[in-house]
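A short worksheet on the structure shown next.
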Amino acid sequence: MSDRRRCLAGALVAAVSATSAAAASLEVRLVDGRGQPVDGAVVVARGVGAPPPPPAEMAVMDQVEEQFVPELLTVPVGTTVNFPNRDDIRHHVYSFSEAKQFELPLYKGEPAEPVRFEKPGPVVLGCNIHDHMRGYIFVAGSPHYAVSGEDGRVELGDLPPGDYEVEAWHPRQKGESARGTAVVADGGAAGLDLELDLKPALRLRRGGARGRKY
Amino acid sequence: MYAFKSFRARLVTLFGGLLLVSLSAVFLAVGRASVGNARRVIVADLAEDAAVFRRLFSERTNHLLEAARLLSGDYAFKEAYWTQDEMTILSLMENHLARIGDADLMLLVSLDGEVIADTEKPGGGGRQDNPWPELLAAAEQDEWGEAAAVVLHGGRPLQLMVVPLLTPDLEAWILIGFLLDDPYAEDLSGLLLSEVSILRRDPAGRIATLASTRPAAGRAAVAETLGGGLPEPGVPRTLSLGGERWVAAAVPLSEGSAEGEVAVLLQRSLAEELAPYAPLRTTLAVLFFASLAVSAVGAVAVARSVTRPVLTLAERARRIEKGEYEQRIELSRRDEIGELAGSFNEMARGLAEKERVRALLGKVVSPAIAEELLSKEIELGGEERVVTVLFSDVRNFTTLCEGRSPREILELLNLYLTRVSAIVEEHGGVVDKYIGDAVMALFGAPLADPDDAGRAVATGLGMRDVLRELNAEFEKRGLPRLGIGVGVNTDMVVAGNMGSETRLNYTVIGDGVNLASRLEGLTKRYGLEVIVSGSTRDAAPGFVFRELDRVRVKGKAEAVRIYEPVGREGEVGEDAMAELARFETARRLLLGRQFQAARDAFATGEELAGGPKLWRLYRERAEGFLARPPGEGWDGTVEFSQK
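Pasting the structure below:
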C-alpha cells in the first residue's frame, strides 16, 4: 500500500520538477524518539516566500472493504477530494482535524459533494459507524513533498535553490509536525535530520472479525 | 511424694488419674483432629473462593473495560472532545458515568499527561498532575491502548480502567474508576460465602482495612491481627478476631507501589466450621464424667475387695505374733488374695508346727541345745572346747524297783529326773541326756560361761540337797531312801552333732567325759555323794574342797587328783571345817609313810565323825600299809582297775 502512495507522491514531484529550470535536491532523514528510522512520514519543503502551489486536479479517497484507500493521501493545498463509497453499505466519513473538519453523513456511492482542502495540515479521516476505518489526508502548502521509505529517508529533487522550511508529519504524529529549515544551493544537495514524536501504534477493533478476547 | 494412707485412696487416685490421662488424650486428639479437619475444609474452601474471586474480578474488569470502550467509541463523545470546552466535556463525562451506573469517577488525560477533565475536580482542567502515570504507560504499551489496575485514590481502593479516545486516531486517554467499597465487599461475600475485606498495606508495612463485610468495630482488629504481613497468596493463616478464630487467605489486587499494595482478604469462621463437632464434644464430655464416676465406684469396690481380706490377714498376723496359731482364715476366693490367704494358713500351720517342734525339742533336749539346733544349719561335726561334764547316778534304784509296776517306777524316775534337771538348768547347765536314772549334764556347751566349773560344782551340791529333800518325801510315802553319786570333770572335749545324717545328737565326747563318769563311779567307793577332778576344783574357786587322793582310773595313764566339794566358802560350819582339818592331817601322815600315826589319826577321826565310810576306808588303808608297807616308789596314787 505504501508503494502506491509513494508512486503517487513521486508523480507529483516529477510534475513539479518538470516546470523548474535549475534543480537541486534535499535529503531529509527521519528518526523517532528512539533513533529508529521513520517509515511512511510525509515531508514537505516550502520555499521561503514561494507562492502556494497550484491545486491538483480532483483527488480521490476511496472506501473499499471498510478501508480508506489510500490510507495516506497527500494533496497540495486547495485540492478537492472526492470520497466515493465502493462498499454496498453506507459510511459516515468525518474529520475533527484542525486543517479540515467535515462530515459526510451516511451515504452510498458518490457523496453529494467532494470536499475541498484549503488549509495545509493533516486531516484524520474516520467513519462514525466503523471504528476500524482510518485514513489520512495531508494537505501540503508546497508542491515539494514525498513520503519516507523504510530507511526513514526522503529525497526531494528538482528544488529551486533557496531557503526552505521543512515539515515532517507522520500519521502517528504526537502533537505538531516536526519542523526544520534547509538552504538548497543551485545544483547542490542538502541534508536535514528531523526527529518525530510518535504516538503508540494502537490496533483498531474491527467488527465481524473478533477483537481481542477478554 | 504424697504417701497414701489408704489403699482405696491410692486406687481411686490411680484409676481416676489414668482415666483422666487417657480421656484427656482422646479429648485433645478429637479436638485437634476436628480443628485440623475444619481448618482443612476452610483452606480448601478459601482456595476455591480465591479462584472464584479471581475469576469474578477478571470478569468485572472485562465488563468495566467494555463499558469504558463503549463510551470511548461514542461519536458524541468524540465531537464533544473536539469542542475542547472543558465544561462540555465534563458534563458529557458525567452523563456517561450515569450511563454506566456504578462508575465513580472519570478522567480525560491528554497524551502528554495533562488532565483535560476530571469529574472529581470540575474546572481543574489543564493541570499536569495525572495521578496514575504508570497506568497510562501500561496503556501505551498495550496494543489496544487499554489497561486496568487497582490503585489507591485518596486512600480508597479504586479499580481503574484506561481506554484510548480514538477520533479515530489516539487523541487522549479516558480513565474510568470504580471504588472497591463496602457494598462491593458485601456483593462479593454473597457470592463467595466468605467474609471479605479489602486491605491496604503501606510501604511501612502497616495494614489498614479499606472496606469490609465486617462490622465497623471489627475492621481495625482485622488489620491489627494481621500485624505487619498479609498472608502469602495460597497460604491461609489462622487469625483471632474478637475471641473467634478465623482462617484467612489473601488475594493481591495490586502491585506494591509508593502508596502501598491492595489485597482482598477472604476469611471464614473456624467456629462455624466446627459447629457440627460440638455434639461430639458434648458426648465425649458426658462419657468422660460417666466413666470417671464408674471407675471411681469400681476402684472403691476393688479396693474393698482387696483391703478387707488384707486387713483380716494383718489381724491374723498380729495374732500369730502373739503366738496364736490356731485360727484359720476362711476366704471363699480363688484369686491371688485367696491364694495369699491359703499361703497364710499354710504359714500359720508351719509356724505352729515349728513352735511345737521347738517346744518338743526343748523337752527332748535342753532348751539351750534346742536353740542351738534351731538357730543354725544342723550338720555333723563339732568343735573342741573346754566343757565341765557332770554325771549323776542314783544308788539303790534297783532296790526301789523291786516289787513295783513299771508305771510306778517311771513316775518315781520322772519325779527324780524333773527335780535333778531343774537344778541343772537353774545353774545354767544343759542336760545332755538321760541314761536310765543317770543324768549327763554339760556346762560350757553349747554356750560357754567363765564360771562353768563353779556352776557344775554348785549343781552337784544342789543335787545332793535335792536328794535329801526327796528322801524326806519318800520316807513319808514309805518308800526306800535313795542315794546319789555325782562326778564332775573339766576338760577339753569335742562338742557338736554326732550320729548319722538323718539322726543325730548334740553331745560331747572325749576322755574328760569318761573321767567324769569314772568319778561318779568312785563316789560309791569313797562313800561320798560328789567327787570332782583337780581340773574342776582349780576352775571353781569359792568352794571348800576335801582333797581325797591321786587316782589312776581304768583306761587312763595319768593319775588324777580328786576332791570332795563340801560347800561354798563361808558356808561350811566350824565342826565340818575341823573335821576337814583332821582328815588332811591324817592323810599327810599317811603320805609321809607314818602309817601307825596315820592309822591312829584316822581311827580317832572315824570315831569323832561317827564312823563314816570315808574315814573307815582310810583307816583300813593305813592298817593295810602297816601290814604290807608299799614299795619305795609309792607316791600315794591309788589304782582303780574297775570301772
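As given, the protein sequences belong to chains A and B, one line each in that order.
Oh and the first sequence: position 26 is 19 in my numbering, straight run, nothing missing.
Heads up: take any position in the second sequence, counting from 1, add 13, and you land on my numbering.
All C-beta atoms, glycine included, are put in the ideal place defined by N, C-alpha and C.
### Rounded C-alpha distance that separates VAL163 (chain B) from ARG214 (chain B)
13 Å
### Message
Contact between the segment 16 to 25 of chain A and the segment 175 to 191 of chain A is defined here as three or more beta-carbon pairs at a separation below 8 Å; is this criterion met?
### Response
yes
#### Entry: Partner residues on chain A for THR180 (chain B), Cβ-Cβ distance less than 8 Å
PHE89, VAL117 and GLY119
### Simplified DSSP assignment, three categories, for GLY190 (chain B)
strand
### Message
Just checking: is the beta-carbon of TRP145 (chain B) within a distance shorter than 9 Å of some beta-carbon in chain A?
### Response
no
### Query
Just curious, the alpha helix (DSSP H) that SER548 (chain B) is in, first and last residue?
547 to 552
### Message
Just list the residues that DSSP pairs LYS446 (chain B) with in beta bridges.
### Response
B:MET453
### Task
Would you list, in chain order, the members of the segment 150 to 183 of chain B that have their beta-carbon closer than 9 Å to a beta-carbon of chain A?
ALA152, GLU153, GLN154, ASP155, GLU156, TRP157, GLY158, GLU159, PRO177, LEU179, THR180, PRO181, ASP182 and LEU183
### Query
On the premise that PHE608 (chain B) lies in contact with TRP628 (chain B), defined as a C-beta separation below 8 Å, what is that separation, rounded to the nearest angstrom?
The pair is not a contact, with the Cβ atoms about 16 Å apart (cut-off 8 Å).
### Task
Answer yes if the segment 615 to 626 of chain B comes into contact with the segment 492 to 508 of chain B, meaning at least three C-beta pairs across the two stretches below 8 Å, and no otherwise.
no
### Reduced DSSP secondary structure (H/G/I, E/B, other) of THR617 (chain B)
helix
### Task
For chain A, find out if any of its Cβ atoms is closer than 9 Å to the Cβ of GLU92 (chain B); answer yes or no.
yes
### Query
By the 10 Å Cβ neighbour count, where 16 or more other Cβ atoms means buried, how is ASN78 (chain A) classified, buried or exposed?
buried
### Query
Among the residues of its own chain, which have a CB less than 8 Å from the CB of GLY580 (chain B), if the five just before and after it don't count?
LEU474, PHE556, VAL557 and ALA589
### Task
Take ALA14 (chain A) and list the residues in its own chain whose beta-carbon comes closer than 6 Å to its own, dropping the five residues that flank it on each side.
Residue placement at ALA14 (chain A) cannot be trusted, given a pLDDT of 46 that sits under 50; the coordinates are not used to answer.
### Query
Taking the C-alpha atoms as reference points, what is the distance between GLU343 (chain B) and LEU528 (chain B)?
59 Å
### Query
When you compare each of B:THR222, B:THR226, B:SER546 and B:LEU243 to ALA234 (chain B) by their alpha carbons, which one comes out closest?
B:THR222
### Task
Mind checking the segment 173 to 202 of chain A against chain B and listing, in chain order, the residues whose C-beta falls within less than 9 Å of any C-beta there?
LYS192, PRO193, ALA194, LEU195, ARG196, LEU197 and ARG198
### Task
Examine chain A for any beta-carbon lying closer than 9 Å to the beta-carbon of GLY11 (chain B), and answer yes or no.
Within the shown structure, residues of chain B are numbered from 14 to 656, placing residue 11 (chain B) beyond reach of any answer.
### Message
Could you check whether the segment 509 to 529 of chain B touches the segment 391 to 407 of chain B, counting it as contact only if at least three pairs of C-beta atoms, one from each stretch, sit closer than 8 Å?
### Response
yes
### Message
Check whether the segment 22 to 38 of chain B and the segment 177 to 187 of chain B are in contact - that is, three or more C-beta pairs closer than 8 Å.
### Response
no
### Message
Can you list, in chain order, the residues of its chain with a C-beta nearer than 8 Å to that of THR74 (chain B)? Leave out the 5 residues immediately preceding and following it.
### Response
ALA161, GLN172 and MET174
#### Entry: C-alpha gap between PHE20 (chain B) and ALA309 (chain B), whole angstroms
13 Å
### Task
Using a Cβ cut-off of 7 Å, pull out every chain A residue sitting near LEU124 (chain B), in sequence order please.
LYS167 and LYS192
### Query
Which chain A residues are close to TRP186 (chain B), counting only those with a beta carbon under 8 Å from its beta carbon?
Under the 8 Å cutoff, chain A gives no residues; its nearest Cβ is about 11 Å from TRP186 (chain B).
### Query
Is the shortest distance between the beta-carbon of VAL164 (chain A) and the beta-carbons of chain B less than 9 Å?
Note on identity: in this sequence residue 164 (chain A) is Pro, with Val being the wrong assignment. Interface residue, yes.
#### Entry: alpha helix (DSSP H) segments (min. 4 residues) lying fully within the segment 332 to 406 of chain B
349 to 377 and 380 to 388
### Query
Would DSSP call MET51 (chain A) helix, strand or coil?
coil
### Query
Does GLN29 (chain A) get closer than 9 Å to chain B when you measure Cβ to Cβ?
no
### Query
Based on the DSSP secondary-structure assignment, which residues constitute the bridge partners of GLN166 (chain A)?
A:LEU191
### Query
In angstroms, rounded to a whole number, what distance separates the CA positions of GLY181 (chain A) and PRO69 (chain A)?
25 Å
### Query
Taking the continuous beta strand (DSSP E) assigned at ARG462 (chain B), which residues delimit it?
Looking at the sequence provided, one finds Asp at residue 462 (chain B) rather than Arg. ASP462 (chain B) -> no beta strand (DSSP E), and no H or E assigned at all.
### Message
Along the chain, where does the alpha helix (DSSP H) containing GLY637 (chain B) start, and where does it finish?
### Response
626 to 640
### Query
Since TRP259 (chain B) sits in a beta bridge, which residues does DSSP pair it with?
B:LEU252 and B:SER282
### Query
Which whole-angstrom value is the C-beta distance of ARG196 (chain A) and TRP95 (chain B), which I expect to be below 8 Å?
In fact, because the Cβ distance is near 23 Å, the residues do not count as touching under 8 Å.
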